[in-house]
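Undergrad: So the protein lines, in turn, are chains R and P. Position one of the first sequence corresponds to residue 505 (the working numbering), numbered consecutively onward. Position one of the second sequence corresponds to residue 505 (the working numbering), numbered consecutively onward. If you scroll down you'll find the structure; I have some questions about it.
Number of protein chains: 2
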Amino acid sequence: MKLVNRILYFATGNEHKYREVASILNEANIKVEKFLVDRIEIQDNDPVKIAKFSLEMIKDAPTRIFNEDSGLNIKSLEGFPGPYSSYVYKTIGNEGIIALLDRKSNREAVFYSIIAYKDENDKIHIFSGETKGLISEKITGGEGWGFDPIFIPINEEGNKLTYSELGFKLKNTLSHRSKSLEKFSKFLSR
Amino acid sequence: MKLVNRILYFATGNEHKYREVASILNEANIKVEKFLVDRIEIQDNDPVKIAKFSLEMIKDAPTRIFNEDSGLNIKSLEGFPGPYSSYVYKTIGNEGIIALLDRKSNREAVFYSIIAYKDENDKIHIFSGETKGLISEKITGGEGWGFDPIFIPINEEGNKLTYSELGFKLKNTLSHRSKSLEKFSKFLSR
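Here you go:
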């Protein structure tokens, strides 16, 4: 069943994320409404398990609801901050990440995005996307939120700009989140 | 009902923690058996909520079971690593904490311990303890595990040694965990 022109519910309390996701899905004619919820997230190293659990724990959820979890895995920090990216951003921030990499030669990182979607039969589907990149030496200006000012996505053209410097429009052509959303929107348009 | 000489179950997979807790409780004649379980912990800023939730999520748990969550709150890092202390220790380690405090003048920290205990009537009781201290400039040697080599507990005698340098015996006279356990053991001996 085609879900184009139907409303989906996005379980999030993050206004930045809501706008980014809604804007990408709207381009595929998918309408998204925010479903405000006090999400219960588990501590686990598996982001798929976290996303599924969260969705299952929402009480009185409408059908056609989804959530999105993203995280940054920094290679020389054993994957830190991973599933705790949001907490780490709120506490030590981009400044902290830069300090942690001060004496490290390897600045490789992967940004991942996991979408868990509960369909009209209560079946859960997972869509994932990831973008490889480098942590910048400095916090850059520009648009963006979260770790956007320190993440330089790698592409075939040899990009050297962070998500923030690229700006929303260009970021959305190569971001981890746009990749998971693309799979999701293809699934919805079946 | 006095629980001295009865067996309590400690839900943990951490051998270090088990030995520390069992040794302190044994001195009060309380016997502790390890209850191995794949704990489900939620992501939350409230450690009491985490401990309670974890205990409630254990399926087929015996009665008289408890768990213990501890965490380090570093003042100049907005409370980081807090409830994610275990993950942070495994990834960036003590070296990472030292790097994060490199340019900070305030090295104050609080180590807290929360015990959640489910009694024979399935009622949950909470016992907490905390110890104020400072993060050391260097990782010290000595006994201990986790953040022990970088945490200097403050006491009236003007202690300048880390938990590790103090060694298990002295650590247990002033640690956050010994304080929550003391309240717990008083409760059990009522």
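For glycine and all other residues, C-beta sits at the position ideal for the given N, C-alpha and C.
Could you give the distance in angstroms between the alpha-carbon of R/Lys-556 and the alpha-carbon of R/Asn-625?
TA: For this step, residue 556 of chain R is matched to residue 52 along the first sequence. For this step, residue 625 of chain R is matched to residue 121 along the first sequence. Their backbone Cα atoms lie some 15 Å apart in a straight line.
Undergrad: So does the segment 531 to 549 of chain P actually touch the segment 609 to 617 of chain P, counting three or more Cβ pairs closer than 8 Å?
TA: Flag = no, the segment 531 to 549 of chain P and the segment 609 to 617 of chain P do not touch.
Undergrad: Look at the Cβ atom of P/Ile-628, then the Cβ atom of P/Phe-688, and state whether they are nearer than 8 Å.
TA: Here residue 628 of chain P refers to the residue found at position 124 when the second sequence is read from its first residue. Here residue 688 of chain P refers to the residue found at position 184 when the second sequence is read from its first residue. Cβ distance not < 8 Å, so P/Ile-628 and P/Phe-688 don't count as in contact.
Undergrad: Would you report the Cα separation of R/Glu-596 and R/Leu-692, rounded to the nearest angstrom?
TA: Counting from one through the first sequence, the residue named residue 596 of chain R turns up at place 92. Counting from one through the first sequence, the residue named residue 692 of chain R turns up at place 188. For the record, residue 596 of chain R in the displayed sequence is Ile; it is not Glu. For R/Ile-596 and R/Leu-692, the distance between alpha carbons rounds to 38 Å.
Undergrad: On the DSSP bridge list, what partners appear for P/Ser-632?
TA: Position 128 of the second sequence, counted from the start, is the residue given in the question as residue 632 of chain P. Answer by DSSP bridge pairing, in chain order: P/Ile-618.
Undergrad: Starting from the Cα of P/Glu-572, find the closest Cα among P/Gly-600, P/Ile-656, P/His-520 and give me that residue.
TA: On the second sequence, residue 572 of chain P is found 68 positions in, with the first residue counted as 1. It is P/His-520.
Undergrad: Would you list, in chain order, the members of the segment 572 to 590 of chain R that have their beta-carbon closer than 7 Å to a beta-carbon of chain P?
TA: Those would be Leu-581, Glu-582, Gly-583, Phe-584, Tyr-588, in chain order.
Undergrad: Can a CB atom of chain P be found closer than 8 Å to the CB of R/Leu-512?
TA: Along the first sequence, one-based indexing puts residue 512 of chain R at 8. With 8 Å as the cut-off, R/Leu-512 does not count as an interface residue toward chain P.
Undergrad: I'd like to know if P/Gly-600 contacts chain R, where contact means its C-beta is closer than 8 Å to some C-beta of that chain.
TA: Residue numbering aside, residue 600 of chain P sits at position 96 when the second sequence is read from its first letter. Judged by the 8 Å Cβ criterion, P/Gly-600 is in contact with chain R.
Undergrad: I'd like to check one pair, R/Ser-682 with R/Ile-528: are the Cβ atoms closer than 8 Å?
TA: Locating residue 528 of chain R in the first sequence gives position 24, counting from the first residue. Locating residue 682 of chain R in the first sequence gives position 178, counting from the first residue. Yes, they are a contact pair.
Undergrad: Could you spell out the range, first to last residue, of the alpha helix (DSSP H) harbouring P/Glu-537?
TA: For the purposes of this step, residue 537 of chain P is taken as the residue at position 33 of the second sequence. Unbroken run through P/Glu-537 is the beta strand (DSSP E), 535 to 539; no alpha helix (DSSP H).
Undergrad: So if DSSP puts P/Ser-574 in a beta bridge, which residue, or which two residues, is it bridged to?
TA: In the second sequence, residue 574 of chain P corresponds to position 70, counting from 1. According to DSSP, P/Ser-574 bridges with P/Ser-617.
Undergrad: Check the C-beta distance from P/Phe-655 over to P/Phe-615 and give it rounded, since I have them as a contact under 8 Å.
TA: Within the second sequence, numbered from 1, the residue matching residue 655 of chain P stands at position 151. Within the second sequence, numbered from 1, the residue matching residue 615 of chain P stands at position 111. The pair is a contact, with the Cβ atoms about 6 Å apart (cut-off 8 Å).
Undergrad: If P/Ser-668 and P/Thr-644 are in contact, beta carbons under 8 Å, what's the gap, nearest whole angstrom?
TA: The residue you call residue 668 of chain P lines up with position 164 of the second sequence. The residue you call residue 644 of chain P lines up with position 140 of the second sequence. The Cβ separation is near 5 Å, so the contact holds.
Undergrad: With a threshold of 16 other CB atoms inside 10 Å of the CB of P/Ile-511, please say whether the residue is buried or exposed.
TA: Counted from its first residue, the second sequence places residue 511 of chain P at position 7. Counting Cβ neighbours within 10 Å, P/Ile-511 comes out exposed, since fewer than 16 surround it.
Undergrad: For R/Tyr-591, which three-state DSSP category applies?
TA: By 1-based counting over the first sequence, the position of residue 591 of chain R is 87. In the structure shown, R/Tyr-591 sits in a helix (DSSP, three-state: H, G or I).
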